[in-house]
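Everything in the sequence shown is counted per the numbering used here, starting at 1 for the first residue and increasing by one.
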Amino acid sequence: MDAKEISMFRFLDGADKKFIIPVYQRAYSWKHENCEALLKDLTSVYENNYVSHFFGSIVYVSNDVGGCNEHIIIDGQQRITTVSLLLLAIRNYIIEHPDIDTGVNPRKITDAYLTDVYADNEKKLKLKLIQGDDEAYDRLIENGTPIANNNITSNYNYFFKEISKRNALEIKGLYDAVMKLIIVNISLKPQDGDDPQLIFESLNSTGLGLDESDKIRNYILIGMPAAKQETFYKKYWEPLERLVSHNDMKTFIRYYLSVKTRDLFKEDRLYFRFKSFRMHQVCTIEEIFEDILLFAGFYKTIRHPMNKKNSYEVVLARINKLEIKSCTPILLELFIAHEQNQLSDIELTEAFHTLESYMARRIICGLGTQYYNKLFVGLGAEIEKLLEKDGAAYLDAFKSVLLNKTGKSRFPNDHDFMDKFMTFELYNAKASVRKYFLERFENFGNREMIAVEEQISDGSLTIEHIMPQTLTEEWKVGLGEQWESIYSKYIDTIGNLTLTAYNSDYSNLSFIKKKTLPEKGFDTSKLRLNAYVKNCEFWGESEILERARRLYKLAEQIWPMAETNYESQEEDDWICWDDEDYDFTNKTILKIILMGDELQTENITDAYRKINVTVYNMDPAGYVAMENSWSGTNVGRIRSPYEVGPSVYITTNLSSQSKAAAIRELCEYFRFDSSDLRYLVKDTQEMSLL
Numbered sequence: 001m002d003a004k005e006i007s008m009f010r011f012l013d014g015a016d017k018k019f020i021i022p023v024y025q026r027a028y029s030w031k032h033e034n035c036e037a038l039l040k041d042l043t044s045v046y047e048n049n050y051v052s053h054f055f056g057s058i059v060y061v062s063n064d065v066g067g068c069n070e071h072i073i074i075d076g077q078q079r080i081t082t083v084s085l086l087l088l089a090i091r092n093y094i095i096e097h098p099d100i101d102t103g104v105n106p107r108k109i110t111d112a113y114l115t116d117v118y119a120d121n122e123k124k125l126k127l128k129l130i131q132g133d134d135e136a137y138d139r140l141i142e143n144g145t146p147i148a149n150n151n152i153t154s155n156y157n158y159f160f161k162e163i164s165k166r167n168a169l170e171i172k173g174l175y176d177a178v179m180k181l182i183i184v185n186i187s188l189k190p191q192d193g194d195d196p197q198l199i200f201e202s203l204n205s206t207g208l209g210l211d212e213s214d215k216i217r218n219y220i221l222i223g224m225p226a227a228k229q230e231t232f233y234k235k236y237w238e239p240l241e242r243l244v245s246h247n248d249m250k251t252f253i254r255y256y257l258s259v260k261t262r263d264l265f266k267e268d269r270l271y272f273r274f275k276s277f278r279m280h281q282v283c284t285i286e287e288i289f290e291d292i293l294l295f296a297g298f299y300k301t302i303r304h305p306m307n308k309k310n311s312y313e314v315v316l317a318r319i320n321k322l323e324i325k326s327c328t329p330i331l332l333e334l335f336i337a338h339e340q341n342q343l344s345d346i347e348l349t350e351a352f353h354t355l356e357s358y359m360a361r362r363i364i365c366g367l368g369t370q371y372y373n374k375l376f377v378g379l380g381a382e383i384e385k386l387l388e389k390d391g392a393a394y395l396d397a398f399k400s401v402l403l404n405k406t407g408k409s410r411f412p413n414d415h416d417f418m419d420k421f422m423t424f425e426l427y428n429a430k431a432s433v434r435k436y437f438l439e440r441f442e443n444f445g446n447r448e449m450i451a452v453e454e455q456i457s458d459g460s461l462t463i464e465h466i467m468p469q470t471l472t473e474e475w476k477v478g479l480g481e482q483w484e485s486i487y488s489k490y491i492d493t494i495g496n497l498t499l500t501a502y503n504s505d506y507s508n509l510s511f512i513k514k515k516t517l518p519e520k521g522f523d524t525s526k527l528r529l530n531a532y533v534k535n536c537e538f539w540g541e542s543e544i545l546e547r548a549r550r551l552y553k554l555a556e557q558i559w560p561m562a563e564t565n566y567e568s569q570e571e572d573d574w575i576c577w578d579d580e581d582y583d584f585t586n587k588t589i590l591k592i593i594l595m596g597d598e599l600q601t602e603n604i605t606d607a608y609r610k611i612n613v614t615v616y617n618m619d620p621a622g623y624v625a626m627e628n629s630w631s632g633t634n635v636g637r638i639r640s641p642y643e644v645g646p647s648v649y650i651t652t653n654l655s656s657q658s659k660a661a662a663i664r665e666l667c668e669y670f671r672f673d674s675s676d677l678r679y680l681v682k683d684t685q686e687m688s689l690l
């Protein structure tokens with residue numbers, strides 16, 4: 001195996017080279033966001049006059065075939081293909097605009113980087129992609145009819161559009177930046193024992209051996225003199241690993257960067273994201289690591305709160321039991337606010353408790369966690385906006401942004417909470433959540449604390465179904481004619497669950513026997529959870545509901561609704577896409593904000609069209625792959641069709657509510673966060689008066 005650094009254009013250049021993507025590789029999959037990131041990096045390279053920009057590695061096997069040197073690409077097809085598409089877009093734009101003098105030779109791009117002029121076959125392409133992608137790429141090279149709904153075509157169109165926005169000097173700068181891309185050129189030699197298949201499997205499962213955090217460490221140290229490397233390592237990296245374990249390092253750095261950049265990305269992109277972050281900082285690497293160590297201290301406290309005398313660490317310990325690690329970014333934001341004296345100790349505790357209430361209520365109300373990553377990363381920016389715009393106190397701003405969430409990201413109010421609480425099947429929640437809720441019900445407000453979770457874990461206490469999981473004939477008779485309905489509706493709900501040390505003794509005994517069992521029955525229990533049970537003479541639907549109501553009154557105190565006297569000066573009525581309860585009848589949508597871009601709209605139909613067009617352009621192949629009743633490529637089955645892309649249609653013959661439901665389905669398919677799409681809504685009658 002030979003590995004060396006080389007410029008990307010030197011790697012592509014050469015009349016006798018061909019790059020083959022083997023059939024076992026996946027199709028080209030980079031999206032517009034990846035292309036946008038590349039353009040930003042290249043723009044930074046030429047604006048800052050950087051000498052080079054690292055662009056990853058390319059692993060291949062080289063074969064000499066009839067005078068042509070074929071490179072079978074094992075890893076790196078996304079990078080090679082994307083750079084080729086960018087060069088092709090630059091070439092075609094220059095050819096189509098001969099009056100613009102960029103100083104770039106389009107013929108050189110064709111002959112040196114895109115085609116093999118001496119090839120014998122009809123297709124002279126240097127890059128041979130897998131079937132489908134290959135045809136789409138060939139048509140672009142030969143100026144044929146583009147293949148729609150393909151990532152090759154889509155990304156080429158994206159690059160061409162972005163290039164068309166730039167002047168001649170900027171286009172030349174972009175081209176020169178491509179010439180400065182540096183790769184690690186890794187040539188495998190099967191004759192020396194390199195097994196391309198094993199290496200391919202390794203690259204697609206465990207990477208190149210180094211953890212992302214290891215790559216970051218090496219990136220920082222490799223350019224330093226040996227003496228400085230040792231000093232830096234001992235002063236910064238060793239203390240960092242004492243605060244954050246090596247196994248948890250990449251997770252911590254990912255969350256650190258999410259707070260700094262307001263963006264959360266996949267861990268496998270951590271190294272490149274850190275490099276990009278470093279390049280855009282004006283401070284020294286030492287100053288960056290002073291900040292990282294500060295965050296690492298907070299992160300250690302978040303992961304391992306130890307000080308039980310510290311009220312906010314007590315709340316943190318409870319939050320950890322919910323096992324929702326995606327809330328880490330907002331916890332870090334709150335710690336920074338505390339560090340900067342924007343929150344007192346008491347206010348930090350209250351903020352943590354508000355977050356605990358938010359997540360606990362959402363669990364009870366069956367509101368999922370799938371949007372938490374983006375939500376908790378975005379809260380910091382929303383708080384910052386209120387601090388700058390309205391001069392709000394930090395705690396008020398924090399509560400306000402949570403209370404203003406709508407739809408599936410909402411903070412459940414007391415009505416919503418109570419409604420779902422009565423039938424919440426706590427027994428079917430994950431084990432940590434079951435223990436968390438039962439511990440809170442038992443210990444909240446009590447001075448004599450019972451180690452509920454520890455005793456459940458060691459078997460001293462077990463969760464007991466008062467109405468047993470297997471009903472005897474005696475239980476069925478006692479429950480009455482509706483026993484099946486009562487059983488299916490309430491068996492695993494909060495009202496029917498308690499704690500006992502005598503689960504095996506209770507088994508399927510009748511309620512009165514469970515209650516009066518000598519020295520073991522509910523009558524002799526000292527647990528708060530059994531206080532109401534011991535006063536009952538019968539156990540059925542009304543008793544289960546009454547116990548649930550009593551526990552709910554306690555739940556309102558344990559997980560109170562957030563309150564603040566602060567009111568945002570925002571006057572516009574903005575609705576998030578996932579607010580299922582909002583009625584769009586007789587409403588007009590004046591504006592939408594989609595992925596940060598603001599679009600003017602005339603009504604809900606116009607918004608519906610523009611949203612679909614925008615999402616299609618983001619990912620044409622993914623859009624076409626959707627299966628629903630309101631979009632498709634068969635225009636014959638679409639009522640009142642509207643074309644959102646080449647031969648891709650949506651029906652417009654829908655009610656306002658149905659259009660809103662279709663948009664929700666679209667957003668759920670692409671896993672949008674609540675804040676990714678919002679509508680500015682006005683009443684139709686109100687509009688008619690303007």
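For each residue, glycine too, the CB sits at the ideal point set by N, CA and C.
Inside the stretch 538-580, DSSP marks whole beta strand (DSSP E) runs of 3 or more residues at positions 574-576, from first to last along the chain.
Measuring C-alpha to C-alpha distances from Glu-580 to each of Arg-166, Leu-367, Pro-620 identifies Leu-367 as the nearest. Closest in C-alpha terms to Glu-442, from the list Thr-354, Leu-85, Ile-456, comes Ile-456. As DSSP reads the structure, Asn-373 sits in no beta bridge. Boundaries cannot be given for Pro-646, as no beta strand (DSSP E) includes it and DSSP labels it neither H nor E. As the crow flies, the alpha-carbon of Cys-576 is around 13 Å from that of Glu-668. Taken in chain order, the whole beta strand (DSSP E) runs of length 3 or more contained in the stretch 48-86 are 53-65, 68-75.
Rounded to whole angstroms, the Cβ separation of Ser-311 and Lys-180 is 54 Å, and the two are not in contact under 8 Å. Going by beta carbons, Asn-530 and Thr-498 fall inside the 8 Å limit. Cβ-Cβ distances below 6 Å link Leu-129 to Ile-21, Tyr-137 in the same chain, with the five nearest sequence neighbours on each side left out; the list follows chain order. The beta carbon of Asp-133 sits closer than 6 Å to those of Ala-27, Tyr-28, Ile-152, all from its chain and outside the five residues before and after it, given in chain order.
Contact check for Leu-594 against Leu-680 fails: the beta carbons are separated by 8 Å or more. Annotated three-state conformation of Val-314 is helix, per DSSP.
DSSP, reduced to helix, strand and coil, places Gln-600 within a strand of the structure shown. Contact between the stretch 471-481 and the stretch 403-414 is absent: fewer than three C-beta pairs spanning the two stretches fall below 8 Å.
The C-alpha of Ala-168 lies about 8 Å from the C-alpha of Gly-103. Distance from the CA of Asp-597 to the CA of Thr-588, rounded to the nearest whole angstrom, comes to 19 Å. With 16 or more other Cβ atoms from the protein chains shown falling within 10 Å of its own Cβ, Met-467 counts as buried. Taking a cut-off of 8 Å on C-beta distances, the stretch 492-509 touches the stretch 539-553, as three or more cross pairs fall below it. Take Phe-274, set aside five residues on each side of it, and the residues of its chain with a beta-carbon closer than 8 Å to its own are Ile-216, Tyr-219, Ile-253, Leu-257, in chain order. In this structure Ile-73 touches Ile-80 by the C-beta definition: roughly 7 Å separates them, less than 8 Å.
The C-beta separation of Ser-674 from Tyr-371 comes to about 6 Å, placing the pair in contact by the 8 Å criterion. Here Phe-444 is near Gln-557, since their CB atoms are less than 8 Å apart. Assignment of beta-bridge partners to Thr-588 by DSSP yields Lys-682. Taking 8 Å as the cut-off, the Cβ atoms of Met-8 and Ile-163 do not count as close.
A straight-line Cα-Cα distance of about 20 Å links Lys-515 and Trp-483. About 14 Å separates the CB atoms of Ser-84 and Leu-42; that is not less than 8 Å, and the two are not in contact.
Within the same chain, Cβ atoms closer than 6 Å to the Cβ of Arg-361 are found at Pro-412, Phe-417, Trp-559, the five residues on either side in sequence being excluded. The residue from Asn-155, Pro-98, Ser-213, Asn-320 with its alpha-carbon nearest to that of Ala-621 is Asn-155. For Asn-150, the number of other beta carbons within 10 angstroms of its own is at least 16, and it is reported as buried. A residue is called buried once 16 or more other Cβ atoms fall within 10 Å of its Cβ, and His-246, having fewer, is exposed. Going by beta carbons, Leu-293 and Leu-240 fall inside the 8 Å limit. Your pair Met-359 and Leu-322 checks out as a contact, with CB atoms roughly 6 Å apart and the cut at 8 Å.
For Ala-3, no alpha helix (DSSP H) segment is defined; the enclosing uninterrupted segment is the beta strand (DSSP E) at 2-7.
For the pair Thr-354 and Lys-399, the CB atoms are nearer than the 8 Å cut-off. Within the model, the alpha-carbon separation for Tyr-113 versus Pro-646 is close to 30 Å.
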